[in-house]
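Each remark here refers to the structure printed beneath this line.
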Amino acid sequence: MKRKTKVVLVQLGSPKSPAVSDVRKYLKEFLGDPRVVDINPLAWKLILNLFVLPFRPKRSAKAYSRIWEGDGFPLVRITKEFAVEVQKNLNSDEIEVESAFLLSEPRVSEIWDKWEKELDESENPARDLLVIPMFPQYSESTIASGLDALGKEIEGRVRIPNLKVLTDFHKSKAFIDNSVRQIQNHLKEWKDEGKNIDDFVISFHGIPKRRVIYKKDRYYQDCYETFKLIKDRITEIDSSRIHMTFQSRFGSEEWLTPYTDEFVTELVENGHKD
């Protein structure tokens with residue numbers, strides 16, 4: 001009987017629903033993670049509870065309601081569907097693929113509980129565990145946060161599998177090939193519709209700039225390497241018109257630039273419409 005491996009695809013997750021109470025609970029856990037917001041913990045606890053949680057959940061709930069699918073959010077659904085498709089494409093009895101979330105169900109703890117149950121009940125349970133956080137580029141606020149959650153599960157557990165964690169895949173051939181293919185498909189569709197592309201913007205989620213400068217977080221480097229590998233493969237657009245930006249900044253401190261919203265606004269103001 002061949003040795004079996006369990007692959008766990010770990011994603012951040014979403015609120016349980018767009019209800020303000022569920023969004024507040026989600027934001028409290030998410031923004032309460034010191035890996036996500038790494039300023040003075042006492043000061044941040046006061047800011048979070050006095051100025052963020054009383055107001056932001058209501059605004060965020062409106063945004064979440066626009067992508068609510070009636071029984072869940074796209075991120076959770078797509079991640080689960082992706083795990084199923086990976087399992088189908090692997091077509092192997094030696095590999096089991098599951099999805100888990102840091103802030104949604106099923107959580108990492110549930111997957112671990114399930115694995116321990118399989119040890120007792122299955123004739124050939126997985127002995128090796130490969131954890132793949134679904135973040136191509138490494139960052140403390142994503143990968144390290146996920147490893148913290150994994151570490152908490154190991155604490156107090158008696159039975160530990162042979163464990164391996166993939167901390168990034170920002171340069172992997174499969175990831176770059178798929179990204180390029182998706183972009184080229186869209187470019188072809190737009191061309192067939194008679195649309196001219198003035199500029200192409202590749203936007204990454206941002207992080208505070210000080211994390212890169214002072215904490216040596218390699219996130220910017222990973223993003224740039226991904227961007228460069230994709231950019232060099234896109235021949236349909238002049239390379240000078242392919243841009244790298246960062247989105248979703250939070251708070252008042254400086255984040256990685258250029259900011260996507262400001263950059264796109266400037267392009268439009270300069271006559272670049274597509």
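Going by the numbering used here, the sequence shown opens with residue 1, and the numbers climb by one from there.
Built from N, CA and C at the ideal position, the CB exists for glycine as well.
Query	Result
Since Met134 contacts Val10 with CB under 8 Å, what's their CB separation in whole angstroms?	6 Å
Could you check whether Tyr64 and Val23 sit closer than 8 Å to each other, using their CB atoms as the reference points?	yes
Tell me whether Leu9 sits in a helix, a strand or coil according to DSSP, three-state version.	strand
Taking the straight line between their C-alpha atoms, what separation do you get for Val212 and Pro125?	41 Å
Here's the rule: buried if 16 or more other CB atoms are within 10 angstroms of the residue's CB, otherwise exposed. What is Pro41?	exposed
Inspect the CB distances between the segment 245 to 255 and the segment 191 to 210 and report whether three or more fall short of 8 Å.	yes
Measuring CB to CB, does Asp199 end up less than 8 Å from Leu267?	yes
What is the residue span of the alpha helix (DSSP H) that Phe175 lies within?	173 to 192
What are the residues that DSSP puts in a beta bridge with Val131?	Val8, Val165
Exposed or buried, what is Leu27 when buried is set at 16 or more other beta-carbons lying within 10 Å of its beta-carbon?	buried
Quick one: complete beta strand (DSSP E) runs, 3+ long, within the segment 72 to 137?	95 to 101, 128 to 133
Exposed or buried, which one is Pro161 when buried takes at least 16 other CB atoms within 10 Å?	buried
Taking the beta strand (DSSP E) that Ser203 falls in, what are its first and last residues?	200 to 205
When you compare each of Lys88, Ser99, Gly70 to Gly13 by their alpha carbons, which one comes out closest?	Ser99
Drop a sphere of 10 angstroms on the beta-carbon of Thr142, count the other beta-carbons inside from all chains shown, and report buried for 16 or more, exposed for fewer.	buried
Quick one: what does DSSP say Pro57 is sitting in, helix, strand or coil?	helix
Can you give me the C-alpha to C-alpha distance between Ile132 and Ser122, rounded to a whole angstrom?	24 Å
Below 8 Å between beta carbons: does that hold for Leu129 and Leu163?	yes
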